[in-house]
Amino acid sequence: MKKPMIFSEFFKNNGPVMGSILMVLVGFWIIVLIVLPQLSMLDFSFRFNLPPAELGGPKDNYTLKNYKQLVYGAAGSEGTYNTVDLMVFVRTIVTAIFVTIANIIMCYPLAYYLGQSKGTSFARLLVVMLIIPYWINEILRAFALRIIFGETGLINEVLTFLHLTAEPIDFIRQNYALYAGLGYAYILLMLFPMYNVIESLDRNQIEAARDMGASWIRIHRRIVIPHAKPGIASGATMVFMLSAGALAVPQVLGGPSSLWFTQLVYQWFNDSLNWQQGSAYAIVLLFSSIAIVLTLMRIFKVNMGDIGK
Amino acid sequence: MGAGVTVNLENVWIKFGDFVAVREANVNIKGGDFFSFLGPSGCGKTTILRAVSGFLDPSEGRVLIGGKDMAGIGPNKRPTALIFQNLALFPLMKIWENITFSMEVAGASAGDRRKRADELLDMIALSGQGDKFPSELSGGQKQRVAIARALCAEPDVLLLDEPLSALDLKLRQHMRTELREIQQRVGISFIYITHDQGEALTMSDSVAVMRAGIIDQIAGGHEIYDHPATPFVASFVGENNVFRGKLQSVNGNEAVIRTNRSGDLLAQITPTAVGKMKAGDDAMMFVRPEALALGEASPDSKTTISANVLNEEFEGNSYSVFLEGDGGKQIKMSLPNLGQDRESSKGSSLALHYDASTAVVMPAGELASE
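These protein sequence lines map, in sequence, to chains G and H. For any residue, its number in the numbering used here is found by taking its place in the first sequence, counting from 1, and adding 188. For any residue, its number in the numbering used here is found by taking its place in the second sequence, counting from 1, and adding 1220.
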């Protein structure tokens, strides 16, 4: 891993003017675009939802009420848990984990193929074909999937034509469309980090292992996967975080009875106009996701630095 | 360790589309031999090695190891072990895991592997380094680990693809000796690929010199150096002065060549061309720089060349003297540094003499490009 560049060296390399401009821009990015919004969310989540007139007044105190609401439900329902919201939370996290695992399994063979057939024109064409659908807006893509999975959509038409099913399957209600949509929404963010690390694997290592009698399974288990681990971890982190925080796909493809945790956050902000409550839900989702990622990184022995590579 | 096992290439052709990488290779490697393929980059030597190791199949012909046809047998099933040019150690495995990877594949227990790794580490003088990672070792140490890893599989044939090319000069010379010693200790056949004639000549029992997919000559190092079979071998292996011309007369295994610029010169016909050359043929004569000596204009002017000294370079153990003969013919000679103060001969006019037995003449052909 590269050592962080010391400031004086940074200025020496870039000159005082350019160095200052770059420092200011980076500082703006980090402070204004990342740190301050999160801090204000955190601050919101500990406050009462007051009418504007009372802001800054004697009632404007810090409180844990918004967090209690998630765990125990609205005030007055003491002794019971807010099972509806908590179940949505758990299902969101568990589904996001499964979406991530499915993405790893789907991307690995493709990333290996692309990474090892470096530079052939077919591989390059394949990459372009993978990227083109992502030129379309995420919401439009979700609607496209909704049409494909619909009652008279392509999949049901094919299944009935082949007499594999008598009645059309309700993919939307069964949440299959949701899982497929989430699995597809961020798959490139899994594919490309994996492809990059596998491309950097020296082909001779595979041949050396093969020369020593290793089967293909062993070559992947002992050589390719350990080498690809940082890329897999980086892709998995992004896919998990984005799936758990996805809104458009669950909104469009989710069944009528299934809520995604982000939809609850959205409802608090948009329908109930209770930003404080929404912030508390969002903060819980954010910190839980971070905790899960850090735990998994610990289990799979991945360093934070590897992900940033 | 496996005993010496023969390797035979029978009429092997290897083509990639229209490109012929190896043309009609016939090679018989004796069991326990240190055999080198020597040639410039792109001559097809690595392709031959890949055909022996099983990473590619010959388009025509057969590869036999220990008399057994290897067609259809993959690299993981052949009794060969390959050492790659960049060594291809596994960076995420410890040294002992690297060395015993072939045992891991075969399902040996960790205890057995550890024990064998320690034995091999002793052999390559890296005792106690088994728990390090490859990145913690020096170039020469990695080299030895790669050898140990290949030997751990107890192959019958060890294949080496320019494994020393990444090392610096001193280490390379040291590793030459070490490789030769290891080969004699384990007694298995080594097939060594190199573009470095020094490596090929010092280590090998036999050398095959290759050019553009064709094997020009297979012989011992001495034979290759003293009696090159083709102009390519003569100009690629070591340094040589080349004189072009037409044969004037042939007498047994000696011939006089009428050179374009340096008059009539006497030389031996290279053994493979004896009886095949006649007066009037286009021919080339080669004399090594160290075979030229300063001399009086000898009575037999057919072994004397007159030339002017253009320049001199001090090489440490010798001086390289660059001369210009009649008609601007460039000639190089090498004089040993005997320690005496020596006056520069620059600008002087000299007579160069050689012994006819040290000059070879052969049918004209393609030279190695500089």
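Glycine is no exception: its CB is placed at the ideal position from the N, C-alpha and C atoms. Owing to the predicted nature of the structure, the values given are computational and were not obtained by experimental measurement.
By the beta-carbon neighbour count (other beta carbons within 10 angstroms, threshold 16), Lys-1265/H is buried. Approximately 13 Å separates the beta-carbon atoms of Phe-428/G and Val-490/G; this is outside 8 Å, ruling out the contact. The bridge partners DSSP lists for Thr-1414/H are Leu-1258/H.
Residues of chain H with a Cβ closer than 8 Å to the Cβ of Glu-395/G are, in chain order, Phe-1275, Pro-1295, Leu-1302, Phe-1304 and Ala-1308. Annotation: Ala-1420/H to Gln-1404/H spans about 16 Å, alpha carbon to alpha carbon. Assignment of Ala-354/G by DSSP, reduced to helix, strand and coil, places it in the coil class. For Met-1313/H, at least one C-beta of chain G is nearer than 9 Å to its own C-beta. Interface flag for Met-382/G against chain H is unset, since no Cβ pair is found closer than 9 Å. Shown here, Asn-1461/H sits in a strand according to DSSP, grouped into three states. With respect to the C-alpha of Val-453/G, the residue from Leu-441/G, Ile-319/G, Ile-471/G and Tyr-374/G having the closest C-alpha is Ile-471/G. Where Ser-1526/H is concerned, the enclosing beta strand (DSSP E) starts and stops at 1524-1534. Going by DSSP, Trp-448/G is part of no alpha helix (DSSP H) at all; its letter is neither H nor E. Bridge partners of Asp-1502/H according to DSSP: Lys-1466/H. Counting C-beta pairs closer than 8 Å gives three or more between the segment 1523-1543 of chain H and the segment 1553-1568 of chain H, which meets the contact rule. For Gln-304/G, no beta strand (DSSP E) segment is defined; the enclosing uninterrupted segment is the alpha helix (DSSP H) at 271-304. For the segment 1333-1347 of chain H, there are no residues whose beta carbon sits under 7 Å from a beta carbon of chain G. With a cutoff of 9 Å on beta-carbon distance, Leu-1276/H and Trp-1316/H are scored as not near each other.
Note on geometry: alpha-carbon atoms of Ser-228/G and Tyr-300/G lie some 43 Å from one another.
Assignment of Met-211/G by DSSP, reduced to helix, strand and coil, places it in the helix class.
For the options Met-426/G, Val-412/G, Gly-369/G and Trp-448/G, the alpha carbon positioned closest to that of Arg-391/G is the one of Val-412/G. Taking C-alpha positions only, Trp-323/G is separated from Ile-375/G by approximately 14 Å. For Leu-252/G, there is no enclosing beta strand (DSSP E), since its DSSP letter is neither H nor E. Residue pairing by DSSP places Ser-1569/H opposite Asn-1528/H in a beta bridge. As the crow flies, the alpha-carbon of Ala-330/G is around 42 Å from that of Asn-249/G. Around Gly-369/G, the same chain offers Ala-330, Leu-333, Val-437 and Leu-441 as residues with beta carbons nearer than 6 Å, after the five sequence neighbours per side are excluded. Residues of chain H whose Cβ lies closer than 7 Å to the Cβ of Ala-402/G are, in chain order, Asn-1296 and Val-1325. In the DSSP annotation of this structure, Pro-381/G is not part of any beta strand (DSSP E); the continuous alpha helix (DSSP H) holding it starts and ends at 375-387. Across the set His-1442/H, Pro-1311/H and Ser-1426/H, the C-alpha of Pro-1311/H shows the shortest separation from the C-alpha of His-415/G.
Judged by DSSP in its simplified three-state form, Phe-1236/H adopts strand.
Listed as beta-bridge partners of Glu-1230/H by DSSP are Arg-1282/H. The beta-carbon of Ala-1373/H is placed less than 9 Å from the nearest beta-carbon of chain G.
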